[in-house]
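Novice: Basically the numbering used here = 1-based index in the sequence shown + 661.
Where is the CB? At the ideal position from N, CA and C, for every residue including glycine.
Structure in structure tokens, see below.
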Amino acid sequence: LYDKDADAHHDVVSAFIKSLRGSDPDAALYYLAVMLAGGEDPKFIARRMIIFASEDIGNADPRALDLAVAVSRAVEFVGMPECRINLAHGVTYLSCAPKSNSSYEALQTALAEVEEHGAQSPPVFLRSTGYAGAKVMGHGVGYEYPHDQGGYVSQRYLPSDLQEREFYRPSTNGWEVRCKEFLDKMRALRRRDTGATP
């Protein structure tokens, strides 16, 4: 049934990704086996796993991307038939990892903002000073270096019309809960220090 150029190919790949997303390593391994038995290029499978690691796991387990890239490298280095073991290693890890699509959703929201309203210029203090005439235009003037202030400054970084936008909303899954706690604290400090409404 599996044909790399027919509907069955797309159906099996879809089932594979959805099984990874659903944290079902048994189903994901089964669809991996179907693809391998059908002659699928293991590099294609590895590429899909790299995409999945960022799109569906993200910061819930930042090691997932490292592992997916390592699997891809192993596939190139080892080749078939042994690289199927590396693929299985990656599939079981990605299946069992905590999931979050917050990074993906954040990018989609930011892209929609740019597409709907156009790209706005960064605040002048964030602009580059590395070319002739930049300082004359005030570029970089007023920039506060966070490392000189203990790691935090109340400066805003988005363009002025977008100061209150929050594109990235971390989940409470896996390691991403730490991102959420940190960003909640930093955003509260910036609102307090700049007098913005919560």
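Taking the straight line between their C-alpha atoms, what separation do you get for I711 and L850?
Specialist: Straight across, the Cα-Cα distance linking I711 with L850 is about 35 Å.
Novice: Residues in its own chain within less than 8 Å of Q709 by CB, not counting five upstream and five downstream?
Specialist: Checking the sequence, you will find Arg at residue 709 rather than Gln. V674, F677 and I678.
Novice: Select from V797, H778 and L755 the residue whose C-alpha is nearest the C-alpha of F786.
Specialist: Closest option to F786, Cα to Cα, is V797.
Novice: With distances taken between CB atoms, is the gap from G683 to S761 smaller than 8 Å?
Specialist: no
Novice: Counting only the same chain and skipping the five closest in sequence on each side, list residues whose C-beta sits under 7 Å from that of P686.
Specialist: V752, T753, S756 and C757
Novice: Roughly how far, in whole angstroms, is the beta-carbon of V736 from the beta-carbon of A707, given that I think they are within contact range, below 8 Å?
Specialist: About 5 Å separates the two Cβ atoms, so the contact holds.
Novice: Using a 10 Å radius around the Cβ and a threshold of 16 neighbouring Cβ atoms, would you call S733 buried or exposed?
Specialist: buried
Novice: May I ask you to report which of helix, strand or coil DSSP gives R788?
Specialist: Per DSSP, reduced to three states, the secondary structure at R788 is coil, with no helix or strand assignment.
Novice: With distances taken Cα to Cα, identify the nearest neighbour of F828 among S789, A731, Y765 and D809.
Specialist: Y765
Novice: Give the single residue among D845, Y818 and S821 whose Cα lies nearest to the Cα of R830.
Specialist: D845
Novice: Quick check on this structure: which residue in M741, G811, E716 and S763 has the alpha carbon closest to the alpha carbon of E701?
Specialist: Of the listed residues, the one whose Cα sits closest to E701 is M741.
Novice: Does DSSP classify E805 as helix, strand or coil?
Specialist: coil
Novice: Just to check my reading of the structure: V837 and A721 have Cβ atoms closer than 8 Å, yes? What is that Cβ distance to the nearest angstrom?
Specialist: Note that residue 837 is Glu in the sequence shown here, rather than Val. Their Cβ separation, rounded to whole angstroms, is 5 Å, which keeps E837 and A721 in contact under 8 Å.
Novice: Excluding the five sequence neighbours on either side, which residues of its own chain have a C-beta within less than 7 Å of the C-beta of W819, listed in chain order?
Specialist: At residue 819 the sequence reads Leu, which differs from the Trp that was named. Correct list, in chain order: R826.
Novice: Near A689, which residues of its chain fall below 7 Å by C-beta distance, leaving aside the five closest residues on each side in sequence?
Specialist: Excluding sequence positions up to five before and after A689, its CB lies within less than 7 Å of the CB of F677, S680, L681, V752 and S756, all in the same chain and listed in chain order.
Novice: Can you grab the Cα-Cα spacing for the pair N747 / H671, in whole Å?
Specialist: A direct Cα-Cα distance of roughly 23 Å separates N747 from H671.
Novice: Just mark G719 as buried or exposed, buried being the case when its beta carbon has 16 or more other beta carbons within 10 Å.
Specialist: buried
Novice: Buried or exposed for F713, going by 16 or more other Cβ atoms inside 10 Å?
Specialist: buried
Novice: Counting only runs that start and end within the segment 752-796, where is the alpha helix (DSSP H) found for 4 or more residues in a row?
Specialist: 763-778
Novice: With a cut-off of 8 Å on the beta carbons, I'd call S715 and L728 a contact; round off their distance for me.
Specialist: Not a contact, Cβ separation roughly 12 Å.
Novice: Please report the distance separating the alpha-carbon of G801 from that of A731.
Specialist: 40 Å
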